[in-house]
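Trainee: Here the first sequence is numbered in the working numbering, starting from 217 and rising by one per residue. From the three backbone atoms N, C-alpha and C, an ideal C-beta is built for every residue, glycine too. Predicted, not measured: the structure shown is a model, and the values here were computed from it.
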Amino acid sequence: MSTNARPTGGPGSVFLIDGNNFIFRAFHAMPSLSAPGGVPINAVHGFVRMIQAMRKEFQPEVFIAVFDHSEETFRNKLYPAYKAHRPPMPEDLVPQIPLVRAATAALGLPVIEVPGVEADDIIACYALAAQKAGRSVYILSTDKDLMQLIDAGGPDRKPILMWDSMKSKLIGPPEVVEKWGVPPTKLVDLLALTGDSSDNVPGVPGIGPKTAAQLLEEFGDLEGLLSGAAGIKQVKRREALQEHAANARLSRQLVELRCDIPLPRPLEELVDNGSDQATMEAFFAPLGFKSLLGLRGKVVDTKPPEGPLELRPGAPLTLDKSRYTALTGEAELTAYVDAVLAKGDRLALQIVVDVADSMRAALVGVALAPGGESAPAPAYVPVAHEGDALLVKPVPKDIIAAQLRRLTGGALPLVAQGSKFQAIVLRRHGVELGPLTMDPKLASYTLDPARSSHNLAELAKDLFAYTAGVQEDVLGKGKKAVTFARAAVDRTTLYACERAELALKTGQHLRPQLDESTALRALFDELEMPLARVLQRIEETGVRVDAAVLARQGEVMGAEIAGLRAHIAEHAGYDLNPDSPNQLQKLLFEDLGLEASRKTKTGFSTDATVLEELAAYHPVVGLILEYRGLTKLKGTYLDTLPNEINPTTGRLHTNFRQAVAQTGRLSSKDPNLQNIPIRSEVGRQIREAFVAGPGKLLVTLDYSQIELRILAHLSGDKNLVSSFRDGVDVHRRTAAEVFGVPEQDVTAEQRRVAKAVNFGVIYGQSAFGLARQLGIPRGKAGSYIKVYFEKIPGVTRYMEELIDTASARGYAETIFGRRRRIPELARKGAQRSYGERIARNTPIQGSAADIMKRAMIAVDAALADRPWAQMLLTVHDELIFECEAGRAEELIALARPLMEGAAGDKLQVPLQVEAGKGPSWAACKG
DNA sequence: CTAGAGTCGTAC
DNA sequence: GACGTACGACTCTAGG
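1. So residue 1015 is in the beta strand (DSSP E); what residue range does that whole segment cover?
2. Under 8 Å from any heavy atom of the ligand MG, does the C-beta of residue 779 make it?
3. Pick out whichever of 266, 1086 and 710 has its Cα sitting closest to the Cα of residue 912.
4. Just to confirm before moving on: does the CB-CB distance between residue 342 and residue 282 stay below 9 Å?
5. Which runs of the alpha helix (DSSP H) spanning at least 4 residues fall entirely within the segment 883–929, listed in chain order?
6. So which of 365, 957 and 723 has the shortest CA-CA distance to residue 401?
7. If you compare alpha carbons, which of 998, 1032 and 1051 is closest to residue 168?
8. What is the DSSP secondary structure of residue 1128, counted as helix, strand or coil?
9. For residue 511, which of helix, strand or coil comes out of DSSP?
10. For residue 533, which residues from the same chain have a beta carbon less than 6 Å from its beta carbon, with the 5 sequence-adjacent residues on both sides left out?
11. So, are the CB atoms of residue 442 and residue 465 less than 9 Å apart?
12. Output the distance between the C-alpha atoms of residue 701 and residue 864, rounded to the nearest integer angstrom.
13. Could you give the residue range of the alpha helix (DSSP H) that holds residue 779?
14. If you run the structure through DSSP and keep just helix, strand and coil, what is residue 584?
15. Within the same chain, show all residues whose beta-carbon is closer than 6 Å to that of residue 737, passing over the 5 residues directly before and after it, in chain order.
16. If you run the structure through DSSP and keep just helix, strand and coil, what is residue 235?
17. According to DSSP, is residue 258 part of a helix, a strand, or is it coil?
18. Residue 1139 by DSSP, collapsed to three states: which one?
19. According to DSSP, what are the bridge partners of residue 378?
20. Do the CB positions of residue 663 and residue 523 come within less than 9 Å of each other?
21. Can you give me the C-alpha to C-alpha distance between residue 619 and residue 600, rounded to a whole angstrom?
22. When DSSP builds the beta bridges, which residues end up paired with residue 229?
23. DSSP puts residue 654 in a beta bridge; with which residues?
24. Considering residue 801, what are the terminal residues of the alpha helix (DSSP H) in which it resides?
25. Find the nearest neighbour of residue 948 within the set 487, 964, 934 and 937, judged by alpha-carbon distance.
26. Using only CA atoms, which one of 339, 596 and 289 lies nearest to residue 469?
27. Which whole runs of the alpha helix (DSSP H) in the segment 400–454 are 4 residues long or more, in chain order?
28. According to DSSP, is residue 843 part of a helix, a strand, or is it coil?
29. Out of 650, 877, 536 and 692, state which residue places its alpha-carbon closest to the alpha-carbon of residue 718.
30. Can the beta-carbon of residue 1036 be found closer than 9 Å to that of residue 1028?
31. Under 9 Å, do residue 870 and residue 886 count as touching if we go by C-beta distance?
32. In its own chain, which residues sit with a C-beta less than 7 Å from the C-beta of residue 1015, not counting the 5 before and 5 after it?
33. What's the C-alpha gap between residue 1040 and residue 627?
34. Measuring straight from C-alpha to C-alpha, what distance separates residue 438 and residue 690?
35. In whole angstroms, what separates the C-alpha of residue 553 from that of residue 542?
36. Considering only residues of the segment 536–592, which uninterrupted beta strand (DSSP E) runs meet the minimum length of 3 residues and lie entirely inside it, listed in chain order?
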């Protein structure tokens, strides 16, 4: 029973509420709360909320609440002192008991009670009867007496489990053993020995749970123990058992649940039909339960996820680092490679480099951790450690490369953390890797993109409670830090071998978790892992950037910036740095007395929207805006891009990061080539510097409206779907619907509004946000949104469903089953709202990302035997290629259908791809 | 001097 | 508080 397991509800499930247990827990969990008349109702409120939530999530076939009936039970007859010394019920709880029963009934849940029989016994009867009838049973309680019923189930029967709804913990046999030291079947015997002071069950004095478990282990059961007690060595214990044997037997009778009463109502009668709104309102409205009324009866798909939602930890790990060796001689290396090839079944790699840039790094060494029963221990192959005593006679690099090729060229499946980086570096050193089957970073990302880190050290800590060595310990820190090229071989060996071995272990640990979900397994094996190789080729190719173009633009812009800065200073009357929001605030809102509109954490906002409003009031504001625009372009692009050009290749090699964006998108870093300007004319000119090589052309292919198409597909909205099927302008069609005019009469302004609303929907924008975006009054924006949702009803319904399902499941998912946990949905206020926006956006943005990734793999495969074209970049919905000038159309004809077909048959709307070509990125227009 | 927070702005 | 996903430049401040 893993910590994440939850009940499987739906048909065939029987949920039995231990009413009294539940009331007490609700009472203590909820803050005090009173109904309008002053009656305390916090327990009622908590109780009802829990029932609502469970009904929504689990949709039990049978859902009943069982209560004690306050009469003498057989236990009192047996033992008058039974439950005699119970502390009195809290004063505030007393009046709530009858209310809870009534509330339960008002919710439409059968209230079961039998005079003279405790709730526990009734629950036992129902649980066993339901199991006999082939149902799975969940008892909603934390009462230890009920744990004796727990049964993991088997081939011939369904399980009986307990569910602690407040801790979200499923209690099965392993949890019972963990808590009590004995399985559920022996729990009665154990409790008979230990007794129970709260129920006044006597037990045997001096015997607590630990001793009882140990004795039962030794003697089998209570009777065996009592009859064999004479043989116990410890005097006190032996005498206690002999003296109190009768008490123990009596206790056993008190503790053991009886299931010999007839069921007051047969199971078939108790099928849950949900609640009746009128009944609920009649009952709850007078109690002031407004929020609960809205929560009623929506049917939410709560199919439990396949596989874990978070990485499931494993047993603590210890690694024997004394086995690690450095292979410093050629003979040693060869022998090691032979042994791995003979005995290993897979091989984990960890390269060591001097700098963190895969296209510049020099290979310093490689650690190898083979998997397999009799495989050799991990070892480190030093390649380029400067001046280490261990390496007086280093093995020639070409010999190392040859041995590595033998080892990693395809003879064994490979494992590597951050495999793309390693593959690029190794390839640059003459070692082309064979098939990679596991990259733990990508496995972690696929399983749980929302986790805080996919770093190997973090994974080792979280999964195996293992603390990995840190780079700092090898390289030193601060000014004295060295690169690995200057690090000692022995320390590097420990560090790198540990990482290789951790990659191996982590991969082996995560693999079965991926396999638990068909969707996640496919995403990993067929999407993320192959994509890493595609991205490897893209990064290795790089893109040509004409530094001279950037330099020329930079000079022009620099002069303009200097002029603007002087003008701004003139207006101000003093020299200031317009880059500083601080100084800008002083100028605008103090010296010039302009009106500050928005506040930031540290002062008044001076962002573009604020400045645009102020532009009419003072000429300096326009200058600042212009200055801002130009310095941004110059500082971020013109000045920095040339520095990123690789001196060896003469091209720009970005790093596509595959395990960062929580939606499944890629990101681009060092430099970021996914935010090169295009929207403004000045900005767009930067794209003139991205050029094709001589005799070549750039080709761009971009998905038209892919996110809106996915929204159309997911929501199934009639209007949206038909817009795309008919191939019309979707914003125009939306405008026509929303403004109630024929399509040909839609004005540019109307289309702009419709477009903004369409995008706002994808991002979960509010009326406030839309108003700000469009610069219109909030009321007007609200009415646009209102009409939009009326005219596009499928979208409304879909968005509500998305939030409900995501809230019930705790995650959002894409068309291809990529999941993203959204813990924010369990919180309140702003956090919850944020969670709702994520829930709306992730399926759309993530599905688009999945489709693009599929397209990239397909196109890459098609280009494998077409060396006249290379993929250069991806910008979320766009692919950029470089190809021989005469073959641009051929490339477009090849790639376009692959991109348009990348969703397979998953979409009910077509995908459309637009193409452009030209000598530069800027020239790639339609 | 460095690291991190804050603000702003670019892309899709 | 109010629009989702990224990356990064620049300023300013806290800390060594």
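Mentor: Looking at the atomic coordinates:
1. Residue range 1009–1025 is occupied by the alpha helix (DSSP H) that includes residue 1015, with no beta strand (DSSP E) assigned at that position.
2. Among the components modelled here there is no ligand, and therefore nothing to report on the ligand MG.
3. The shortest C-alpha to C-alpha distance from residue 912 to any of 266, 1086 and 710 is the one to 1086.
4. Yes, they are a contact pair.
5. With a minimum length of 4 residues, the continuous alpha helix (DSSP H) runs that stay inside the segment 883–929 are 897–900.
6. Checking every option, the nearest Cα to that of residue 401 belongs to 365.
7. Since the displayed the chain opens at 217 and closes at 1142, residue 168 lies outside it and no answer follows.
8. Of the three classes helix, strand and coil, the one that applies to residue 1128 here is coil, per DSSP.
9. With a pLDDT of only 42 at residue 511, under 50, the local geometry of the prediction cannot be trusted, and no value is derived from it.
10. 680 and 682.
11. Remark: C-beta atoms of residue 442 and residue 465 approach each other more closely than 9 Å.
12. Between the alpha carbons of residue 701 and residue 864 lies a distance of about 20 Å.
13. 763–788 is the extent of the alpha helix (DSSP H) around residue 779.
14. Reduced to three states, the DSSP call for residue 584 is strand.
15. If we look at residue 737 and ignore the five residues flanking it on each side, its Cβ neighbours are 730 and 731.
16. Residue state, collapsed to three classes: helix.
17. In this structure, residue 258 counts as helix in the three-state DSSP scheme.
18. Under the three-state reduction of DSSP output, residue 1139 falls in the coil class, being neither helix nor strand.
19. Answer is 355 and 387, bridged to residue 378.
20. One thing to note: residue 663 has its Cβ within 9 Å of the Cβ of residue 523.
21. Cα to Cα, the separation comes out at about 16 Å.
22. Within the DSSP secondary-structure output, residue 229 pairs in a beta bridge with 352.
23. Beta-bridge partners of residue 654 (DSSP): 631.
24. Where residue 801 is concerned, the enclosing alpha helix (DSSP H) stretches over 797–801.
25. A check of alpha carbon separations from residue 948 across 487, 964, 934 and 937 identifies 964 as the nearest.
26. Comparing Cα positions, the closest option is 289.
27. DSSP runs (the alpha helix (DSSP H)) wholly in the segment 400–454: 403–410, 425–435 and 438–444.
28. Collapsing the DSSP output to three states places residue 843 in a helix.
29. When each option's Cα is compared against that of residue 718, the closest is 536.
30. Yes; because the gap between Cβ atoms is below 9 Å, this pair is in contact.
31. It is a contact, given that the beta carbons lie within the stated cut-off.
32. If we look at residue 1015 and ignore the five residues flanking it on each side, its Cβ neighbours are 1056.
33. Rounded to whole angstroms, residue 1040 to residue 627 spans 46 Å at the Cα level.
34. Straight-line Cα distance between these residues: approximately 59 Å.
35. Annotation: residue 553 to residue 542 spans about 13 Å, alpha carbon to alpha carbon.
36. Correct list: 562–569 and 579–587.
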